[in-house]
Amino acid sequence: MKTVKLVFALAVIIFLSGCWGSQETDQTALVLAMGFDKGKNENVRVTFQIANPKVIAGAAGGGGGGGGDQEKPYLFTTMDAPLPVAAFHLLNVVRSRDISLLHNKIFIFSEEAAREGLARYMQPLNRFRETRGTAFVFVCRGTARDFMERDKLELEVSPAKHYEIVASLTRLHGLGPTAHFTDFYESTKTHSKEPVVPLVGINEKGLGAPAKSQVDSLGDYLAGDLPASGVTAQFLGTAVFSGDKMVGELTGDESRYLLMLKGEMQQSFMVIDDPKRPGHVIGLTLRQARRPVIKTSASGEAPVIDVELFQEPSLVGVPSGINYEDLKLKKVLEKEIARLITEKCQELVSRSQDEFRIDSFGFGQYAKRKYLTVGEWDKYNWHDKYPDAQVNIKVNVKIRRTGLQLKTVKPTM
Amino acid sequence: MAGQIKFGLAEAVVLLALSNMARIFMTFPRSLVELAGPAAWLTPLPGLLLALLQVFFIWLLLKPHPGKTIVEITGDVLGQVAGTLVNIIYIVFFLSVGITFTRIFSEAMIIAALPRTPVSVISIGFIITAMLGAYVGVEALARSARVTYPFVLGGIVLLLTSLYPFFNINNIFPLLGIGPYQVFVQGGLFTGVISEALIAAVIINSFASGKLYAPAVARGVLMGFAYLIILELAFVLVLHWRTASESTLPFYRLSSLIYLGRFFQRIEAIFIIIWGYIVMIKISITLYAASIALAGTLKLSDYRPFIWPLGLIIFIASLLPPDMPSVVILESEYLRTYAWIPTFILPMVVLAVDRLRRRRREQ
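Chains E and D are the protein sequences, given in the same order. Per the numbering used here, the first sequence starts with residue 443, numbered consecutively. Per the numbering used here, the second sequence starts with residue 34, numbered consecutively.
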């Protein structure tokens, strides 16, 4: 009996060890980022950014490495193929290792491809077992290949880490959304919210790019247009989609209001005109106090949407020297901030209704609560009704903190 | 007979609950979403009532026959020919459950973890484990289930906690999903059919006392359905129902979505182990029940000689469906529909005949 048990135990060990599917680490090439452009003859052009283990091993260890000074920690290969996954398999012909997407955290789509529709890219990727639903999605102004090759990773060795951290930085600046692959894929299939994806681009002009003159236009740029020196890649603004097709772009400032209305803005920085001394500016850090309260009435021809936002800004800079810490003046400032946010949000909503004609804010998700069955909701046809919706926005602003200063004393003359 | 070894209420409850839960980790949650849309999580509510009804009727059948399994009672009540026929239907049902679970989970392992391994090799792995489980007996299965349960529970709690940031309450609306008929009638019939009430009636002699049948099965079923409702709700809260209905392996997809910062992700491998364990328990217990039922039908004292041939049948039959979609259709459209015959209708018929005869005898 002991022998039988032993044979059974050995059989289990042998058959469940996964020998067929094993991948040796020194035979695997890890794709860290993928870029998608339109290829020739209806093909897709896929750019793979692959980890170069010779250099990464040295860089992670703090020295040495066999890669030499000239080699980068990653390699690029671009392929044309009918499907993204087909390009991935073709890559095995070009590179000497077993290619794996298991560590790929980034998908970058060119604007041209996005405007034509991303379903042909997303569908096969969603089916593929190595695709990570948590990978980040970006839309690139220009070609994805060009962006990936020109984006210098000055602070990071790994492009995956670089893009992952950049994507998460929206929690600090709020000038662009974050989109995971699954979120994006899901939004292309629902009727109640449309996808939004962060925009990336290369700054060709450096500091020579034209700067905006209005005081309240701190982030009023698209990726690649912000005057900045040194780093060429910029992650700023939003690509707006209708289903799987990109239909427009939002600047960084508009993206902030988009995130506010979606309840996803954690923090952002804002500069406004000083209400007591026009021509001067006031710097504020915005924080969402709580998620927006959204109420909808979606029974008639034109839905009514009431949105209430809650913002808690902190004073960052008051160059005019006015004592806005004073309770009465603080109220004046709060009122001005509320007015400005209301106005900007309203402008953005109007743009979404008149220009894009889509609900990027996900108001439809609240409207469908009024319906009992999917059939009734589909029949209401939110997509067609949204452009005629009346959207009322109310902004509650309460300055809770004034930084390390409780009072501003006028300077002596 | 090895079935003489006894175990208590806790072991029985956990064994039956885990057996009932196995379907959650396959394509079943997706089928519910396809059926009921965003209200998929409501479908187990009427299903639970039907499942408890099955337990109640089988308990009514077992109650006047202490010390006897449903196989023996069926033989006694319906006579040799009809009784044997009904018992064979029970056995075929157990084998069918084993076959579909073996194939679907083998395919699931290929999709999720072992893409280059032949399906036959994975099936052999499951079958050998199931045969070993059935050979050592239900007591070993029950005690191992009891010991492992905290890890299963811990895994599910970890899954739910980690997925909490991805919950979108709007996803459960419209509240009645595709429609009340689909949710409460079709959904109830789809989720309500369970094999555990019948399995427990076959292995009742392994319980410390026959009186444990009702409390053990009812609690096991309640636990299984509670997990089903909670996990189905989590599934719908995380993925919009249109996307959820596309997913082959809902809980593999959910676990692969866990992303709590750069350092807490890619934990799906942990869950594959848990699912593998639960499905092995399921296949083992169905193979064991089929062997015990066959031994009982043929009035043999030992069930173990049947493990090898029945295991072989499960293995070979599991490879017959040409592809994964076919076996999913086989399970969801045919097995779940016709499973009402062995799990509900036949015990009811036996119960009715038994009652009628008793009444006549009393008169």
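Glycine included, C-beta positions come from ideal geometry on N, C-alpha and C.
Shorter than 7 Å from the beta carbon of T878 of chain E to some beta carbon of chain D? Past the boundaries of the shown model lies residue 878 of chain E; chain E is included only from 443 to 855, so the question cannot be answered.
Could you tell me which chain D residues have their CB closer than 9 Å to the CB of R537 of chain E, listed as they occur along the chain? Proximity of chain D to R537 of chain E at the Cβ level (cut-off 9 Å) is not reached, the minimal Cβ distance being about 19 Å.
Just mark V446 of chain E as buried or exposed, buried being the case when its beta carbon has 16 or more other beta carbons within 10 Å. By the Cβ-count criterion, V446 of chain E is exposed, with fewer than 16 other Cβ atoms from all chains shown falling within 10 Å of its own Cβ.
What whole-angstrom Cβ distance do T376 of chain D and A230 of chain D have, given they're in contact under 8 Å? Their Cβ separation, rounded to whole angstroms, is 6 Å, which keeps T376 of chain D and A230 of chain D in contact under 8 Å.
Tell me which same chain residues have a C-beta within less than 7 Å of the C-beta of W819 of chain E, skipping the five on either side of it? Contacts found: K810, Y813.
Could you compute how far the alpha carbon of V682 of chain E sits from the alpha carbon of Y182 of chain D? Linking V682 of chain E to Y182 of chain D through their CA atoms gives a straight-line distance of about 47 Å.
List the residues of chain E whose Cβ lies closer than 8 Å to the Cβ of G210 of chain D, in chain order. Those within 8 Å of G210 of chain D in chain E are T815, V816.
Where I211 of chain D and L266 of chain D are concerned, what is the direct C-alpha to C-alpha distance, given to the nearest angstrom? Distance between the alpha carbons of I211 of chain D and L266 of chain D: 16 Å.
Is there a Cβ of chain E sitting closer than 7 Å to that of S289 of chain D, yes or no? Closer than 7 Å: yes.
Under a Cβ-count criterion, where at least 16 other Cβ atoms within 10 Å of its own Cβ denotes burial, should F490 of chain E be classed as buried or exposed? With 16 or more Cβ atoms within 10 Å of its Cβ, F490 of chain E is classed as buried.
Since A621 of chain E and P637 of chain E are thought to touch, with beta carbons under 8 Å apart, how far apart are those beta carbons, to the nearest angstrom? That belief holds up - the Cβ atoms of A621 of chain E and P637 of chain E are roughly 7 Å apart, short of 8 Å.
Interfacial residues, the region 88 to 122 of chain D to chain E, with Cβ spacing under 8 Å: Of all residues in the region 88 to 122 of chain D, none has a Cβ within less than 8 Å of some Cβ in chain E.
Using a 10 Å radius around the Cβ and a threshold of 16 neighbouring Cβ atoms, would you call Q113 of chain D buried or exposed? That one is exposed.
Let me know the secondary structure DSSP gives G608 of chain E once reduced to three states. The identity of residue 608 of chain E in the sequence shown is Val, whereas the question assumes Gly. It is helical.
Would you report the Cα separation of G845 of chain E and R574 of chain E, rounded to the nearest angstrom? Roughly 41 Å separates the two Cα atoms.
For a contact meaning CB atoms closer than 7 Å, what does E628 of chain E contact in chain C? Protein chains E and D are contained in the structure displayed, whereas chain C is not.
The alpha helix (DSSP H) enclosing P526 of chain E, as first and last residue numbers: Per DSSP, the continuous alpha helix (DSSP H) segment holding P526 of chain E begins and ends at 526 to 536.
DSSP three-state assignment for Q469 of chain E, whether helix, strand or coil: Three-state result, Q469 of chain E: helix.
For Y813 of chain E, three-class secondary structure by DSSP: Three-state result, Y813 of chain E: coil.
For the candidate residues D:M313, D:S289, D:F297, whose alpha-carbon lies nearest to that of A167 of chain D? Distances from the CA of A167 of chain D to each of D:M313, D:S289, D:F297 were compared; the closest alpha carbon is that of D:M313.
Which same chain residues, not among the five before or five after Y123 of chain D, have their C-beta less than 6 Å away from its C-beta? So the list reads A326, P375, once near-sequence residues are dropped.
Since Q298 of chain D meets chain E, which of its residues come closer than 8 Å, beta carbon to beta carbon? Those are T576, listed as they occur along chain E.
Express the C-alpha separation of N201 of chain D and E554 of chain E in angstroms, rounding to a whole number. CA-to-CA, the gap between E554 of chain E and N201 of chain D works out to about 32 Å.
Cα separation between L191 of chain D and A141 of chain D? L191 of chain D and A141 of chain D: Cα-Cα distance of roughly 22 Å.
Beta carbon of F549 of chain E, beta carbon of V581 of chain E: below 7 Å? Taking C-beta atoms as the reference points, F549 of chain E and V581 of chain E fail to come closer than 7 Å.
Per the DSSP calculation, Q708 of chain E is bridged to which residue(s)? BP columns for Q708 of chain E are empty, so no partner.
If G817 of chain E and S634 of chain E are in contact, beta carbons under 8 Å, what's the gap, nearest whole angstrom? Contact between G817 of chain E and S634 of chain E fails: their C-beta atoms lie close to 15 Å from each other, not under 8 Å.
Whole angstroms is fine: what's the gap from T150 of chain D's alpha carbon to Y310 of chain D's? Cα to Cα, the separation comes out at about 19 Å.
Helix, strand or coil, according to DSSP, for V169 of chain D in the structure here? For V169 of chain D, the secondary structure class from DSSP, reduced to helix, strand or coil, is helix.
Under the three-state reduction of DSSP, which class applies to T376 of chain D: helix, strand or coil? In this structure, T376 of chain D counts as helix in the three-state DSSP scheme.
List in chain order: all unbroken beta strand (DSSP E) runs of 3+ residues lying wholly within the region 787 to 812 of chain E. Here no run is fully enclosed.
State the DSSP-derived secondary structure class of K482 of chain E, mapped to helix, strand or coil. Residue state, collapsed to three classes: coil.
Would you call the region 772 to 790 of chain E in contact with the region 827 to 838 of chain E, where contact means no fewer than 3 C-beta pairs closer than 8 Å? The region 772 to 790 of chain E is in contact with the region 827 to 838 of chain E.
Which one of D:F206, D:F339, D:A323 has the shortest CA to CA distance from W274 of chain D? The shortest C-alpha separation from W274 of chain D is found at D:F206.
Of all Cβ atoms in chain E, is any one closer than 7 Å to the Cβ of Y292 of chain D? By this cut-off, Y292 of chain D is an interface position.
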